[in-house]
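Taken in order, the sequence shown gives residues 446 to 924; the numbers are from my numbering.
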Amino acid sequence: MHFGLADASVWLVLIAVRLQLCTCSKYTCAIGTDGFCIFQGVHIESAEQAANVQLEPPATEVTRVKFRDSSMFMLPPSLYGAFRHLQELRVWWMHLHSIHIDPRLLSLDAEKNRISSITTDPGTVPLLRKLELNQNRLRNIDNISVFENLEVLELAHNDLRTLDLCVFQRMAKLRLLDLSSNNLALVRSSIGTEKLTSLTVLYLNDNRLTYLDLSVLRSFPALEKVHLANNALVYVDHDALPSMLPRLRVFHLQSNDWHCEGLAELIGQLRKTGVQDFKTFSAFSCKERMVDGVCCTENKPFALVRKTNQYIASYTSELNGHTRHLMRELQHTRHEVARLVANDNYTQVSLQNIGDEVEELRNQLTDALAAPDPVTGRPVKPTSPSRTVPIGTVNPERLVAEVAKLRRDFQKMANENQTLRQQVRQYEKLRQELEALRTDSNETKLAFQLMKEENALLRQDLSQLEQKLQQLFSRGTVV
Numbered sequence: 446m447h448f449g450l451a452d453a454s455v456w457l458v459l460i461a462v463r464l465q466l467c468t469c470s471k472y473t474c475a476i477g478t479d480g481f482c483i484f485q486g487v488h489i490e491s492a493e494q495a496a497n498v499q500l501e502p503p504a505t506e507v508t509r510v511k512f513r514d515s516s517m518f519m520l521p522p523s524l525y526g527a528f529r530h531l532q533e534l535r536v537w538w539m540h541l542h543s544i545h546i547d548p549r550l551l552s553l554d555a556e557k558n559r560i561s562s563i564t565t566d567p568g569t570v571p572l573l574r575k576l577e578l579n580q581n582r583l584r585n586i587d588n589i590s591v592f593e594n595l596e597v598l599e600l601a602h603n604d605l606r607t608l609d610l611c612v613f614q615r616m617a618k619l620r621l622l623d624l625s626s627n628n629l630a631l632v633r634s635s636i637g638t639e640k641l642t643s644l645t646v647l648y649l650n651d652n653r654l655t656y657l658d659l660s661v662l663r664s665f666p667a668l669e670k671v672h673l674a675n676n677a678l679v680y681v682d683h684d685a686l687p688s689m690l691p692r693l694r695v696f697h698l699q700s701n702d703w704h705c706e707g708l709a710e711l712i713g714q715l716r717k718t719g720v721q722d723f724k725t726f727s728a729f730s731c732k733e734r735m736v737d738g739v740c741c742t743e744n745k746p747f748a749l750v751r752k753t754n755q756y757i758a759s760y761t762s763e764l765n766g767h768t769r770h771l772m773r774e775l776q777h778t779r780h781e782v783a784r785l786v787a788n789d790n791y792t793q794v795s796l797q798n799i800g801d802e803v804e805e806l807r808n809q810l811t812d813a814l815a816a817p818d819p820v821t822g823r824p825v826k827p828t829s830p831s832r833t834v835p836i837g838t839v840n841p842e843r844l845v846a847e848v849a850k851l852r853r854d855f856q857k858m859a860n861e862n863q864t865l866r867q868q869v870r871q872y873e874k875l876r877q878e879l880e881a882l883r884t885d886s887n888e889t890k891l892a893f894q895l896m897k898e899e900n901a902l903l904r905q906d907l908s909q910l911e912q913k914l915q916q917l918f919s920r921g922t923v924v
């Protein structure tokens, strides 16, 4: 059997294709003693490389998967397709930068990575019940609200700065929320009157909180444990505490900057609620005083003013950041509105031109139908397809077709014009909302300025009081 040059070239092409098809990296997992199917030594440095990774399941059905001794920029897209019954996924120390969560997954443990973004399939309500993302690089968790079935959410040791508790308002089953060891300086709530009756444990310790209005927790009436230790809290607004959190039993508040008087009032209010556990340990020694084993300071007026100013400055900085973002959005909206207005003007001119052309063609068609045939002297019959149109006259059938085409174009442009008008209305509504937010921001800045002026007056009064006290002490010494 002989092969020519053509046959050899065909074989070379087939071998090249075969080699190209075999560039995928294949990994097989082994069942461990804990029931997990374990992948080892998976290394992915880019999204392109991840697309060429194939994960092969064993012969038996697998519901739990974990990776060991691996380094992955992202999860292989083939993971969820290969394990269609996957319920629990564990990926520790994988150097992941982002993670996609399949809607069928029930538990995900992705601690100690570099995750800064979370995604899931759009238009779905994921079944995920437990999500552990401790020690990552999250700065924004607005899209976490889609995980409505969560029962445990752990986000400790990330980089959250401010937080609106409304991101959790759809998580009716949430029992534990861990936000400790972030950079939280401000916690607020815009949930409204809705209640999350399942949340029992909340961790806010080891953050940068200087003030906390406990009314932000009124949406969690079932809270039993609240951890606020190791912040910079000076004062906590606790007037409505007993009615808001009737089940509260643990309220850890050690290692803060408490004013002794405010701390004593807070502990008294907590005791009325039924709380007996205020700390994880009692302080061995304090610089000034302690109340129930918690350190505090008597000489706090100036510190209180300073902390208030710091809180105002921090909140003002956050507002300025939001204002700058809103201004950019408003500028972008203005450009979009200008573009839509220009398109609308162009559409109006085009519609006018089409209307003029339609009118002109209608006139031509009328004249053509009214004109007699130069040969017979009879009117032209446009319905006769076999009739030959004399040279120099207008073909009525062609005119009818052109009129129909122009009508279709006119209708299409009219629909586009309607769509553009709707978009203009939407952008106008957005612009009004942005203007309202800008007004609210200006009013807040004015309120903060008034608070600063009041603090300055308070500082003057305190200084005068201190001078008077010194004079009284000096007089007592003389006597």
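No residue lacks a Cβ here, since even glycine has one placed at the ideal position from N, Cα and C.
Just verifying my parser: in three-state terms, what is the DSSP assignment at residue i?
| i | result |
| --- | --- |
| PHE726 | coil |
| THR478 | coil |
| GLU533 | strand |
| ARG463 | Interpretation of ARG463 is limited by its pLDDT of 47, a score under 50 that renders its predicted location unreliable; no figure is taken from the coordinates. |
| GLN916 | helix |
| MET616 | coil |
| LEU622 | strand |
| HIS780 | helix |
| GLU774 | helix |
| LEU631 | strand |
| ILE560 | coil |
| ASP658 | strand |
| GLN485 | strand |
| LYS670 | strand |
| PHE448 | The predicted position of PHE448 is uncertain, since its pLDDT is 46 and thus under 50; no value can be drawn from it. |
| ARG646 | At residue 646 the sequence reads Val, which differs from the Arg that was named. Correct three-state label for VAL646: strand. |
| SER516 | strand |
Between the C-alpha atoms of residue i and residue j, what's the straight-line distance to the nearest angstrom?
| i | j | result |
| --- | --- | --- |
| LYS913 | ARG904 | 14 Å |
| THR655 | LEU619 | 27 Å |
| VAL612 | ILE563 | 14 Å |
| LEU622 | ASN585 | 16 Å |
| GLY486 | SER516 | 8 Å |
| PRO503 | THR473 | 7 Å |
| ASP722 | GLN915 | 41 Å |
| ALA527 | GLU501 | 7 Å |
| SER523 | VAL591 | 23 Å |
| ASP587 | GLU599 | 15 Å |
| GLN809 | GLN797 | 18 Å |
| ALA783 | LEU895 | 39 Å |
| ARG442 | VAL848 | Nothing about residue 442 can be read from this structure; the chain reaches only from 446 to 924. |
| GLY800 | PHE855 | 8 Å |
| LEU902 | LYS557 | 49 Å |
| ALA667 | ILE546 | 29 Å |
| TYR872 | THR889 | 25 Å |
| ASN676 | LEU573 | 31 Å |
| VAL786 | SER795 | 14 Å |
| MET735 | VAL679 | 14 Å |
| VAL869 | ASN860 | 14 Å |
| CYS740 | GLU669 | 24 Å |
According to the Cβ coordinates, are residue i and residue j closer than 7 Å?
| i | j | result |
| --- | --- | --- |
| PRO925 | PRO571 | With the chain represented from 446 up to 924, any question about residue 925 goes unanswered, as that position is not in the structure. |
| MET858 | THR792 | yes |
| ARG615 | GLU639 | no |
| VAL681 | LEU715 | no |
| LEU578 | LEU608 | no |
| LEU605 | ASN581 | no |
| LYS481 | ARG513 | The sequence shown places Phe at residue 481, not Lys. Taking 7 Å as the Cβ cut-off, PHE481 and ARG513 do not qualify as a contacting pair. |
| VAL507 | SER470 | no |
| LEU624 | LEU659 | no |
| SER634 | LEU610 | yes |
| HIS672 | HIS704 | no |
| GLN532 | LEU553 | no |
Counting along the chain, where does the alpha helix (DSSP H) carrying residue i start and finish?
| i | result |
| --- | --- |
| GLN714 | 705-718 |
| GLN721 | Segment: none, GLN721 is in no alpha helix (DSSP H) and carries neither H nor E. |
| LEU686 | 686-689 |
Can you check DSSP and say which residues form a bridge with residue i?
| i | result |
| --- | --- |
| LYS575 | SER552 and VAL597 |
| CYS611 | DSSP lists no partner for CYS611. |
| THR768 | Paired residues: none, contrary to the question. |
| ARG734 | CYS741 |
| LYS471 | GLN499 |
| THR565 | ILE546 |
| GLN682 | Reading off the sequence, residue 682 comes out as Asp, not Gln. ASP658, per the DSSP bridge assignment. |
For the beta strand (DSSP E) containing residue i, name the first residue and the last one.
| i | result |
| --- | --- |
| LEU524 | LEU524 -> not in any beta strand (DSSP E); alpha helix (DSSP H) instead, spanning 524-527. |
| GLN499 | 498-501 |
| ILE544 | 543-546 |
| VAL510 | 509-513 |
| HIS602 | That residue, HIS602, is in no beta strand (DSSP E); it is neither H nor E in DSSP. |
| HIS697 | 695-697 |
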